[in-house]
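Notes to accompany the following structure.
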């Protein structure tokens, strides 16, 4: 079974009717499994997690671009999360029977077809990047939809597919291939962005922290508290518990409580087991040889304060 | 005042008579301030911290090479710490009125004179490295004295000064320029090297940890416990308290107590203040506008469990 994960992010997280119309295309697809999707009103963005055959995946992505082109006008869009396209980013992730190199080829094919069909410029990023300066999606996206209008005309920022002009309502897209990453957010009981930022800086690579952590502060208007929002690019070398505990340690100096944490999208079972082993060992408990998904869910809620989490977020549930 | 720090490490930490004869040369020098020296029997190594004018510093270093040539035969040396020379490493560190670039030039001059005078091959490392593969001293030193006999003959490992042959009793030296670093060790109440190594891996850059930390495990025969031994290359981005607390957090899963920590050589006052501010804030205490060196010493003993520490290890004491 040839299986890739694909996690397109589209720039609508508030208008339920629009979200429904876009997701109906995804739900109607007979070949691709919709693992999960989450709309965030603060971010004004929806993260869609898909599993399936890579060629069938590209077919669905093209349909998603089509519907987003009709539904979303970035000139009218605002939200906490940086974005440059109505579909902002399309990563291909090898899961089973597919190599990273093949995922690069699929991302190239996908970008080429999107551009050919809809005249939307595409940038290849992460494992598919053709320039060092394009490995990091935030570097490409800097300036966002509004800034990309001029930025894309610079010789350094000519898109990998398409002409040097963003689509007037859709913008442009980052298409790439990458290893599995965990999108993880830690809730802080504060509305102060400054200490939240200091805590993010303590853990993220770009400020001297853990090698495989990208993190930043964000204030969630709806929830009335801040988060350290992050990607963990390698959960084996930077396990969830270590990041969670380091954030607790740093939060202490600001007298801020860590009140929860959340996974966006999917996690491998192994990433949770590794963290639970830490807490079991700290408490002098033997770790069971085989822990059920139900027990894993209960334990991560207890020790890592996961909220809005259930078995459907564990990738093994779908394999 | 033009001031550099220089921290030559020589490979004798057990034979007091030899150490005394080597140190008498250093103590007799009228121009260079001996800040501190520490012999470690487990490491079989002495770390000497010097402050002074860079040209006078080179004069003293040449005298030290001369005496070590007479006193130390690496064919008869063993110890916990990796080494490739009777004087193993000579770093020049800008302190005041001297730039990093000038320190590179001083290290080159020093290496050239050592080679010319004593026919000892020298490798330029860190800021003075002429090849990417020589930035890291451990990469150069890999194989140690014994392995360097053959390694130095490989085209990739031709020394920067001298012929491709180590000195038969002295070995070879790494000479370089670098920013101020803190040599810091954390004591674990265990004799088990495996968990000590896992803890070191959690915090060090090379295994995914903090960006400016180089760390490894070591067992101290004399003290009968292990240490996480480390260099902190940037104490502003990776403050001491954060590393200390992360080690405590990781040690918990192995049910190992952190029983102390120690500075080898010197630290800037600022590095201690930064860490004490963390503990004061955690305890809801206001941090005093000006803390005396005595109070700093007492506080780092209390919060960071520093042992064998006093004002003479704070660099501001000498300025």
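Protein chains in written order, with this note's numbering: chain A, 232 to 550; chain B, 232 to 550. Glycine included, every Cβ here is placed at the ideal spot set by N, Cα and C. Treat the numbers as computed from the prediction; the structure is a model and nothing was measured.
Under 9 Å between C-beta atoms, does residue i make it to chain B?
i, result
"residue 485 of chain A", "yes"
"residue 439 of chain A", "yes"
"residue 280 of chain A", "no"
"residue 509 of chain A", "yes"
Would you mind working out which of the options sits nearest residue i, comparing C-alpha positions?
i, options, result
"residue 359 of chain A", "A/407, A/544 and A/319", "A/407"
"residue 336 of chain B", "B/313, B/348, B/235 and B/240", "B/235"
"residue 482 of chain A", "A/395, A/401, A/366 and A/420", "A/420"
"residue 334 of chain A", "A/357, A/301 and A/488", "A/357"
"residue 532 of chain A", "A/485, A/490, A/329 and A/399", "A/490"
"residue 353 of chain B", "B/315, B/478, B/364 and B/470", "B/315"
"residue 279 of chain B", "B/286, B/291 and B/308", "B/291"
"residue 338 of chain A", "A/540, A/486, A/383 and A/239", "A/239"
"residue 456 of chain B", "B/436, B/492, B/382 and B/296", "B/492"
"residue 409 of chain B", "B/325, B/480, B/317 and B/534", "B/325"
"residue 464 of chain B", "B/405, B/366, B/275 and B/414", "B/414"
"residue 237 of chain A", "A/372, A/329, A/501 and A/473", "A/329"
"residue 260 of chain A", "A/496, A/502, A/287 and A/344", "A/287"
"residue 549 of chain B", "B/267, B/379 and B/485", "B/267"
"residue 202 of chain A", "A/422, A/376 and A/537", "Residue 202 of chain A lies beyond the stretch modelled for chain A, which goes from 232 to 550, so this question has no answer here."
"residue 402 of chain B", "B/298, B/516 and B/306", "B/306"
"residue 370 of chain B", "B/313, B/276 and B/500", "B/313"
"residue 472 of chain A", "A/448, A/501, A/449 and A/365", "A/501"
"residue 545 of chain B", "B/416, B/468 and B/495", "B/495"
"residue 523 of chain B", "B/538, B/513 and B/542", "B/542"
"residue 443 of chain B", "B/346, B/367 and B/517", "B/367"
"residue 450 of chain B", "B/514, B/379 and B/274", "B/274"
"residue 379 of chain B", "B/320, B/478, B/396 and B/474", "B/396"
"residue 323 of chain B", "B/289, B/304 and B/351", "B/289"
"residue 361 of chain A", "A/480, A/497, A/392 and A/466", "A/392"
"residue 498 of chain B", "B/411, B/298 and B/454", "B/411"
Got a sec: is the Cβ-Cβ distance from residue i to anything in chain A below 9 Å?
i, result
"residue 411 of chain B", "no"
"residue 268 of chain B", "no"
"residue 443 of chain B", "yes"
Should residue i be flagged as near chain C, meaning a C-beta pair shorter than 9 Å?
i, result
"residue 447 of chain B", "Given the protein chain composition of this structure (A and B), no chain C is represented."
Do the region 512-532 of chain A and the region 254-264 of chain B make contact, defined as three or more Cβ pairs closer than 8 Å?
-> no
Residues in the region 418-439 of chain A having any Cβ partner in chain B nearer than 7 Å = Here the close residues are 433, 436, 438 and 439.
Residue ranges of each beta strand (DSSP E) within the region 442-474 of chain B, 3 or longer | 444-451 and 456-463
Ranges of the beta strand (DSSP E) found wholly within the region 299-341 of chain B, counting only runs of at least 3 = 318-327
Positions along the region 466-497 of chain B whose CB lies within less than 8 Å of some CB in chain A = 468, 469, 473, 476, 477, 480, 481, 483, 484, 485 and 486
Residues within the region 511-528 of chain A neighbouring chain B, beta-carbon criterion of under 8 Å = 512, 513 and 515
Is the number of C-beta pairs between the region 425-443 of chain B and the region 387-397 of chain B that are closer than 8 Å three or more?
-> no
Any chance you could list the beta strand (DSSP E) runs of at least 3 consecutive residues sitting entirely within the region 334-395 of chain B, in chain order?
-> 353-357
Using 8 Å as the Cβ pair cut-off and three pairs as the minimum, do the region 436-448 of chain B and the region 507-514 of chain B touch?
-> Between the region 436-448 of chain B and the region 507-514 of chain B, the count of C-beta pairs closer than 8 Å stays below three; the two stretches do not touch.
What runs of the alpha helix (DSSP H), each 4 residues or longer, lie entirely inside the region 465-540 of chain B?
-> Complete alpha helix (DSSP H) runs here, min 4: 471-483, 500-513 and 524-534.
Please specify which runs of the alpha helix (DSSP H), each continuous and at least 4 residues long, are wholly inside the region 240-279 of chain B, giving them in chain order.
-> 247-259
May I have a chain-ordered list of the beta strand (DSSP E) segments no shorter than 3 residues that lie completely inside the region 403-440 of chain B?
-> 404-408 and 413-419
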